[in-house]
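Mapping the sequence shown onto UniProt numbering, position 116 (from 1) lands on 116, and the numbers just tick up by one. Just below is one structure, and these are the notes that go with it.
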Amino acid sequence: MEEAAAALALVAAALRSGMGSLEALEAVARLCPDAAGRELAIVAAAHRWGEASDVAWARVGPGWQTAAVSWHAAQSAGAAPAGLLAAAARRMHDEEARRVEAAVQRAGVLLVLPLGACFLPGFVATTVVPVVLLLLGGLSAASP
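Structural data, given as structure tokens:
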């Protein structure tokens, strides 16, 4: 998803430089050797074949949904898509950052559970049991 956000930001920059929509998609698709580049090439080819933007963007993964909505909104309004695509790239980046942060927090919790299972018996055996035995021994000595 992070690659898709970076590729979308590049498309927005290409559009701001004066490239046409399809040319920007194709240029970024050639520039990015990863899955994001391949998916942008699919969208660009679908546009070249005359497919509607919602159909073209439906040919790629669900991670591009934000980009598809922005692209379709810009084309429907007859506006330049650069600003909307840049905002979509920021949203995609923020969503990925939130997803990674949640995964890190989950990992922290999952790491504490085994540590607790290892250290809790040792704590009980070295701290709680001697105190309980001492108290029981003091109670039995105090009783007549």
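Where a beta carbon is used, it is the ideal one built from N, C-alpha and C, also for glycine.
| Asked | Found |
| --- | --- |
| Inter-residue spacing [alpha-carbon to alpha-carbon] between residue 97 and residue 34 | 20 Å |
| Residue burial classification, residue 23 (beta-carbon count within 10 angstroms, cutoff 16) | exposed |
| Candidates 67, 58, 47, of which the one nearest residue 9 by Cα | 67 |
| Distance between residue 41 and residue 16 (C-alpha atoms, nearest Å) | 19 Å |
| Rounded separation between residue 135 and residue 95 - CA only | 56 Å |
| Residue nearest to residue 88 in terms of C-alpha spacing, selected from 63, 126, 39, 125 | 63 |
| Runs of beta strand (DSSP E) wholly within the UniProt domain "Type II secretion system protein GspF" (8-126) (minimum 3 residues, chain order) | none |
| Sequence-distant residues of the same chain with beta carbon closer than 6 Å to residue 93, five excluded per side | 5 |
| Proximity winner among 65, 13, 53, relative to residue 78 (alpha-carbon distances) | 53 |
| Beta-carbon contacts of residue 27 that lie in its chain and below 7 Å, excluding the five residues immediately before and after | 14, 19 |
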